[in-house]
Amino acid sequence: MAAPTLQQPSFLLANLKADATTKPLLQRCQDLVKIIDDYPAKELHLIFPWLVESVFGSLDGIIAGWNLRLLHSRSNEYNIVMEFLNPRYGPMMKLVYKLQAEEYKYEIPVNYLPGPVKACIQEGVLPDCPLFHKKLQFPLSGLLTLNLALNPFEFFMFNFAYCLITPKNYPPGQHGSSTDSAYFVLVDTYLKYFLPSEGSVPPSPFSDSRGSVTAPSPRSSSVSFAGYGVHSPSLLKHHIFHQPSVNADPAAQEIWRSETLLQMFVEIWLHHYSLEMYQKLQSPQVKEPFTPTEEHVLVVRLLVKHLHAFSNSLKPEQLSSSPSAHSHTHPSPLEEFKRVVVQRFVQQKLYLFLQHCFGHWPLDASFRAVLETWLSYIQPWRYTGEKMNPQPDQNRTVPEKWEVFVQENLLMYTKLFQVFLNRAVRTDLVNAKNALMVFRVAKVFSQPNLADMIQKGEQRFLEPEHVLHHRQPRGYLTPTQGGSYLSSRQKVVTDMVFRVKSHVYALEGQDCQYKQMFGTELRGALTQGQLTQLISNLGSSQDDGNCKQLPDCIQGENGLILTDLGRRQIINGLRRFDIQYQGDPELQPIRSYESALLVRLFYRISSLVNERFGVHMSTLCSRPDFLGRLCRHYLTDPNSNTKLKHSPMSRRELERSRQPRLSLRPLASYRTILLLLLLYVFGALLSFGPVSSTLVILAGGFLYGLVMTLFSDKLKTH
C-alpha cells in the first residue's frame, strides 16, 4: 500500500483524539491498524503515549481507558481488544517494535513508581532492580520532578502492569475482580508468550528498514548514587547484549523482552520494600498506604503459578549441568533464565508482599486469594507438567528433589505458617469458608515428608559451627560474592547450611530472632497441668456421653459456672446446656402446635377438678394394688421421678409438682384434635353416631391404660 500524504503530527493526534469520542471501538481499531502500517515511526512516536494512555488509562486513574479489568468475554468488544493487544500479531505490539527499532524514549514521572522505589530514588539510593538503572532524567528544578526515560517496550509494559494497581472509579455494581476479564487473560497470554514453558521466546515478527529489532543498549554497572553497592547490570549474561550478528540465536537476541516484562510485573505488583524500610513500617506511628485488592492478589497468584511452570520446564540435563562444562555445551540463555527466575526475581519480594497481606488483610473469606497464592508458591511440584500417579491424600509425598527448594525458602513455610495460625485463632471458624482455609493449610502441611524437609532446614539454620560473617544484601547477589545470575561458570555455593542462613538473614536481617516451627518452645506450649486436665476430661467424657456436649464450665458452690470459653461456645452455638422445664407442666408457654383457646379452657377445667378431687386422687394413687397403679398411670407424670440437675427450688413447689392431678392439655394439641376428627369420621363410616364414637374412644383409651398397667412391671423387668 502506498504511503498516504503525511499530515502534521499534531493534526494526526488531534484527529485521533476527536475520533476517540465519536467512533465505536471497532472502527477506531481499524483506523489505528492502518495508521500503524502506513505511517513512519517519526509520526507514530508522537501518538504512542496518548495511545497507551487511551488503552490502559492514565497513571492517576482519571482516564479509565478501555476498562480492561471490566471487559469480559460476554462483551462485544472483548475480541476486538484481545486481537489489538495480542503479543504475537497484534497491531499494538507491532507499533512497539517499530518504535523500539528507532530507540525512542518516553518519560514516566518518578512519583508514579511504587512507594518504596520512589522513596529510594528520592533519597539518592538506587533501587535493587537494574530495570531503573541509567534511566533517570535529572531536571534543573530538583529531585521532586524526576522522570524515568523508558524505551517503547518498557513504557508499554509499565503502563500495562500499572493498570492493575491504579484506583478506578467503576460504575455502580461493577467490580474488576473476575479471572475471566480481558486484563487477566492478557496477563496470562503475555506470560505464556514471553516466558514460554516449551520452546524459545518467539522472535519479533515485525522489523524495520534495518532488518531487526534491536535490544536496548547494555546498562552500565557503575552508578553515581552514593551509598549504593556494585550490582550486576542485568540478570542476563553481559554478552547477550552484544550480539554482533543479525543471524545470532533468536533466543539470545530477544531474551531481554522476557527480562523486562518480568521485572515490570514484579516491581510494580509486589511493591517491594527494602529491609530497613519494611522494619520502619512495623512501627504503629507509620501508616501503610499499600492495600492490594483481591483482584491484585489473584493476578499475583497467576504470575507465581506460571513462573513455577516456567522454571520447572528446565531440562533435566540442563538442571544438573556442571559449571565446568565447555562453552559449546552451555545451555541457552532462556534455560539459564529458567534456572534462577524464582529465587532471584520473586522470593524476597513475594515474601514481604505475603507478610504484609497476612498482617493487614481483613479477617473474612476474601483472604482465600492470599492463602492460595501462598500455597501455590510453597508447592512448586504441582506445576511440573508431569503426570504423577494418583495417590491417596494421606500417602501423597513430596518428591525428594524439592528438598533444596523447601530449605532455600524456609521462611515461606515456617514464618508465614505461624502468622497464619495467629490469624486463624482470631477468625470466626463457624463460618464454613473460614474453616475451609484452615483445612487447606492443614492438608498441605500434612504431606508426610514435607515436615521432615522443613525440620532439616531448621536444623541446618541452627547449626552453630556455620556462622555468616557478613550479612548478605537484600535483592541480588553481586558477582564478587559468587552470585552471578546466569553464568554457569561461576563458583556455585553448594553448602546448604550457608544457603539456608543466607536466605533467612537476607529476608529478616542478621539479628533476627528465629522462632522454630519444630522447637521446644512450641512443644512446651502444653504444660503438664494442661495434659493432666486433658486426660481427666477424656476420662469423664467416656463415663458420661452427655457431658461432652456441655459448655466449658467449672464446679462452684451453687452449681456449674461458665468460663470465658464456655460463653463463646454458647454464643457461637457450639455447645449448650440440656435444659428441661422443671415447673408446673400446665403453666408452660403455649406452643405453636397447640390451640391457645383450648389450652386455657382445659387448664380451668382441670384446675377445678384437681382442686375439688385432689385429695381423693392422692389417696387412690397411693394404693399398692392394681387400682392404685391404674390411677398412677393416668394421674401422674411418668418423668417426675427422673433425677435431673436443676436450680434450687423450695420443698413446697417440689411437692406440688409431684402431686397426682388431671391434665387435659394434651387434648389441646392440633395433632390430637386431628386424630380425634379422623376417629369420628371413621366411626361415621361405620354408622356410629357422635355419642357412640365418643364412648368407643373413651373405652379404647381405658383399655390402653389397662394393658399398659398390666404389662408395665414385666416391661421394666426386661
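1705 is the number that our numbering gives the last residue of the sequence shown; the numbers go up by one with no jumps.
Where is the CB? At the ideal position from N, CA and C, for every residue including glycine.
Just so you know, these numbers come straight off a predicted model, no measurement behind them.
Exposed or buried, what is residue i when buried is set at 16 or more other beta-carbons lying within 10 Å of its beta-carbon?
i	result
Met1440	buried
Phe1669	exposed
Leu1397	buried
Arg1486	buried
Gln1087	buried
Ser1674	exposed
Arg1369	exposed
His1490	buried
Asn1146	buried
His1347	exposed
Ile1255	buried
Pro1653	exposed
Ser1191	buried
Val1480	The pLDDT assigned to Val1480 is 37, lower than 50, so where the model puts this residue is not dependable, and the model offers no usable value.
Leu1574	exposed
Val1037	In the sequence on display, residue 1037 carries Trp and not Val. Its Cβ having fewer than 16 others within 10 Å, Trp1037 is exposed.
Gly1444	buried
Arg1244	buried
Lys1502	exposed
Phe998	exposed
Ser1196	Here Ser1196 scores only 40 on pLDDT, less than 50, and its place in the model should not be relied on; the value that follows carries that caveat. Answer is exposed; the Cβ neighbour count stays below 16.
Three-state secondary structure (DSSP) at residue i?
i	result
Gln1124	strand
Ser1168	strand
Phe1646	Checking the sequence shown, residue 1646 turns out to be Gln, not Phe. Correct three-state label for Gln1646: coil.
Ala1136	strand
Tyr1093	strand
Gln1330	helix
Gln1468	Note on Gln1468: pLDDT 39, under 50, position unreliable in the model; the coordinate value appears next. In this structure, Gln1468 counts as helix in the three-state DSSP scheme.
Leu1549	strand
Ser1363	helix
Ile1023	helix
Ala1429	helix
Cys1499	coil
Ser1656	strand
Cys1618	helix
Ile1541	strand
Glu1322	helix
Glu1390	helix
Glu1581	strand
His1059	strand
Roughly how far, in whole angstroms, is the beta-carbon of residue i from the beta-carbon of residue j, given that I think they are within contact range, below 8 Å?
i	j	result
Ser1298	Val1253	Actually they do not touch by this definition, with Cβ atoms about 14 Å apart.
His1059	Ile1152	Actually they are not in contact, since the Cβ atoms of His1059 and Ile1152 sit about 20 Å apart, beyond 8 Å.
Arg1056	Ser1187	Going by Cβ atoms, the distance from Arg1056 to Ser1187 rounds to 31 Å, so no, they are not a contact pair.
Leu1082	Leu1031	6 Å
Gly1048	Pro1117	With a Cβ gap of about 29 Å, Gly1048 and Pro1117 do not count as contacting.
Ser1300	Gly1372	7 Å
Gly1052	Val1042	5 Å
Asn1134	Val1097	7 Å
Leu1012	Glu1064	5 Å
Phe1332	Pro1367	That pair is no contact at about 14 Å.
Leu1362	Val1406	Actually they are not in contact, since the Cβ atoms of Leu1362 and Val1406 sit about 14 Å apart, beyond 8 Å.
Would residue i and residue j be called neighbours here (beta carbons separated by less than 8 Å)?
i	j	result
His1295	Leu1182	no
Leu1046	Tyr1099	yes
Leu1358	Arg1427	yes
Val1286	Val1174	yes
Pro1386	Cys1344	no
Ser937	Ser1593	The displayed coordinates of the chain run from 988 to 1705. Any statement about residue 937 would go beyond what the structure contains.
Thr1384	Pro1435	yes
Val1039	Pro1078	no
Asp1024	Arg1015	no
Tyr1400	Val1291	no
Leu1494	Gln1335	yes
Met1604	Arg1648	yes
Tyr1727	Arg1075	Residue 1727 is absent from the structure shown; the chain starts at 988 and stops at 1705.
Ile1557	Pro1538	yes
Met1144	Leu1248	yes
Ser1699	Glu1581	no
Leu1403	Gln1342	yes
Met1483	Gln1394	yes
Asp1415	Asn1421	yes
Asn1418	Ala1356	no
Discussion item. Tell me whether the segment 1689-1700 and the segment 1613-1621 touch, counting them as touching only if at least three CB pairs, one residue from each stretch, are closer than 8 Å.
Written reply: Counting C-beta pairs closer than 8 Å gives three or more between the segment 1689-1700 and the segment 1613-1621, which meets the contact rule.
Discussion item. I want to know whether the segment 1131-1148 touches the segment 1082-1097 - three or more CB-CB distances under 8 Å.
Written reply: Yes, the segment 1131-1148 is in contact with the segment 1082-1097.
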